[in-house]
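**Q**
Residue numbers (this note's numbering): 117 to 347.
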């Protein structure tokens with residue numbers, strides 16, 4: 117480390133670390149982008165409704181960030197995810213559990229970003245979303261989700277219907293996994309994607325759709341930067 121942080125010393129550091137600072141290599145060629153995947157989980161008990169539509173718009177924006185980005189929407193509607201298993205309660209004989217397949221997807225090394233979407237019920241996430249996040253206890257022994265980029269989307273029946281509080285509770289669960297949480301980014305940089313569903317339709321909420329698209333781009337942006345830096 118230089119004794120003094122002079123301008124010359126800082127310039128020397130940036131020149132010596134092209135991958136960290138996003139510069140070209142000595143050969144003049146930009147470093148090849150590593151493929152990365154972003155998963156979106158729709159945690160509404162109603163399959164393929166407004167929460168899934170919001171995530172679809174978000175993931176489309178993420179995919180548009182660059183050719184290295186792959187996306188996958190996973191709709192949890194109709195799935196059985198017993199939350200009690202996280203507390204050590206065994207499954208009942210013959211009880212169905214769809215979480216192990218989801219666990220394998222989340223653990224995949226190519227997954228660099230995870231976006232969780234939930235409808236807002238009484239100013240908080242759905243029971244399905246809570247059970248899904250509780251089952252993330254499976255990752256705590258090794259912190260398998262560490263440094264994956266996390267974002268959240270909420271859909272409510274009114275503009276101020278608990279969306280922000282629900283975003284914060286999803287973020288809290290992600291922080292417990294050592295994930296890197298992002299908002300929708302500039303220029304407004306709210307907590308994440310927040311939409312209003314009018315008569316079970318989000319297409320008229322242009323302001324809300326703008327937030328989910330911004331979130332998708334931001335997750336892809338940060339995930340790409342982290343992957344380029346070796347994380």
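Glycine is no exception: its CB is placed at the ideal position from the N, C-alpha and C atoms.
1. Look at the alpha carbon of residue 345 and the alpha carbon of residue 284, and state the distance between them as a whole number of angstroms.
2. Tell me which same chain residues have a C-beta within less than 6 Å of the C-beta of residue 301, skipping the five on either side of it?
3. Could you have a look at residue 221 and say whether DSSP puts it in helix, strand or coil?
4. If we call anything under 7 Å between Cβ atoms a contact, is residue 153 one with residue 186?
5. Skipping 5 residues on each side, what residues in its chain have a beta carbon closer than 7 Å to that of residue 347?
6. Give the straight-line distance between the Cα atoms of residue 268 and residue 198, rounded to the nearest whole angstrom.
7. How should residue 259 be labelled, buried or exposed, when 16 other C-beta atoms within 10 angstroms of its C-beta is the threshold for buried?
8. Do you know whose CA, among 280, 312, 317, 188, lies nearest residue 323's CA?
9. Rounded to whole angstroms, what is the Cα-Cα separation between residue 162 and residue 192?
10. Once DSSP output is grouped into helix, strand and coil, what is the label at residue 129?
11. Spell out the partners DSSP gives residue 296 in its beta bridges.
12. Leaving out five residues on either side along the sequence, give the residues of the same chain with a beta carbon under 6 Å from the beta carbon of residue 349.
13. Looking only at its own chain, which residues have a Cβ that is under 6 Å from the Cβ of residue 138, when we skip the five neighbours before and after it?
14. Counting along the chain, where does the alpha helix (DSSP H) carrying residue 157 start and finish?
15. Nearest to residue 317 by CA position, among 282, 291, 293, 273, is which residue?
16. How big is the Cα-Cα spacing for residue 183 and residue 209?
17. Pick helix, strand or coil for residue 343, following the three-state DSSP scheme.
**A** Based on what the coordinates show:
1. If you number the chain shown from 1, residue 345 lands on position 229. If you number the chain shown from 1, residue 284 lands on position 168. Each residue's alpha carbon lies about 28 Å from the other.
2. Locating residue 301 in the chain shown gives position 185, counting from the first residue. Hits under 6 Å: 330, 334.
3. Here residue 221 refers to the residue found at position 105 when the chain shown is read from its first residue. When secondary structure is reduced to three states using DSSP, residue 221 falls in the helix class.
4. In the chain shown, the residue the question calls residue 153 occupies position 37. In the chain shown, the residue the question calls residue 186 occupies position 70. Going by C-beta atoms, residue 153 is nearer than 7 Å to residue 186.
5. Here the question's residue 347 lines up with position 231 in the chain shown. Spatial neighbours of residue 347 in its own chain (CB-CB distance under 7 Å, excluding positions within 5 residues in sequence) are listed in chain order as 263.
6. Indexing the chain shown from 1 puts residue 268 at position 152. Indexing the chain shown from 1 puts residue 198 at position 82. Residue 268 and residue 198 have their alpha carbons spaced roughly 22 Å apart.
7. For this step, residue 259 is matched to residue 143 along the chain shown. By the 10 Å Cβ count, residue 259 comes out exposed.
8. Counting from 1 along the chain shown, the entry for residue 323 is found at position 207. Measuring C-alpha to C-alpha distances from residue 323 to each of 280, 312, 317, 188 identifies 312 as the nearest.
9. Locating residue 162 in the chain shown gives position 46, counting from the first residue. Locating residue 192 in the chain shown gives position 76, counting from the first residue. Cα to Cα, the separation comes out at about 9 Å.
10. Locating residue 129 in the chain shown gives position 13, where the first residue counts as 1. Caution applies to residue 129, whose pLDDT of 37 falls short of 50 and renders its modelled position unreliable; the value that the coordinates give is listed next. It is helical.
11. Working through the chain shown from its first residue, we reach residue 296 at position 180. Paired residue(s): 265.
12. Residue numbering for the chain in the displayed model covers 117 to 347; residue 349 lies beyond these limits and cannot be assessed.
13. Numbered from 1 along the chain shown, position 22 holds the residue referred to as residue 138. Here the model assigns residue 138 a pLDDT of 36, short of 50, so the residue's position is not dependable, and the following value carries that caveat. For residue 138, there are no CB contacts under 6 Å within the same chain when 5 residues up- and downstream are skipped.
14. Translated into positions along the chain shown, residue 157 becomes position 41. Per DSSP, residue 157 belongs to no alpha helix (DSSP H); it is in the beta strand (DSSP E), 152–158.
15. Along the chain shown, read from residue 1 onward, the residue named residue 317 stands at position 201. The shortest C-alpha separation from residue 317 is found at 273.
16. Here residue 183 corresponds to residue number 67 of the chain shown, with the count starting at 1. Here residue 209 corresponds to residue number 93 of the chain shown, with the count starting at 1. Rounded to whole angstroms, residue 183 to residue 209 spans 46 Å at the Cα level.
17. Stepping through the chain shown from its first residue, residue 343 is reached at position 227. It is helical.
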